[in-house]
Amino acid sequence: MSTRQGGSFYETTWDEFLIVAQDFVDDTTDWLNGLTDVERLMGLCIFILLLFLLTIVNSSKREQEPGKARSFTGAFLLIVTFSFVAGLLIDSPYDPRNFL
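For the sequence shown, position 74 matches number 179 in my numbering, and the numbering has no gaps at all.
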């Protein structure tokens, strides 16, 4: 038995998905606003560590080996660049959410 009244099933599903996604973003934003600076910094460090590990694991599974030093240097430069930008956003007098 169908209870839809107009519109396609996919449009209705997409609209409901967007509502749930917006609720998730709002809840996550509220939770992040409640964190202290130390908790945010620890979260950023954990995220950088995970990104670093994923980059190294990805580079170790390549078929053609570019060399271990090149893979490590690329991963290290990626992490340093990300950390630099994150540091700029943290120290910025402007609200970083305005840039998103």
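For glycine and all other residues, C-beta sits at the position ideal for the given N, C-alpha and C.
query                                                                                                                        : result
What would DSSP say about V188, mapped onto helix, strand or coil?                                                           : Rather than Val, the amino acid found at residue 188 in this sequence is Ser. Reduced to three states, the DSSP call for S188 is helix.
Quick test of your reading: L158 and F187, contact by CB under 8 Å. State the CB separation rounded to the nearest angstrom. : In fact, because the Cβ distance is near 14 Å, the residues do not count as touching under 8 Å.
For F189 and L149, what's the separation of their Cα atoms in angstroms?                                                     : 12 Å
Pull up the distance between the alpha-carbon of L146 and that of L182, whole angstroms please.                              : 20 Å
Can you give me the C-alpha to C-alpha distance between L140 and T134, rounded to a whole angstrom?                          : 10 Å
Quick check on the DSSP output: the alpha helix (DSSP H) that includes T141 runs from which residue to which?                : It is not in any alpha helix (DSSP H) - T141 carries neither H nor E in the DSSP assignment.
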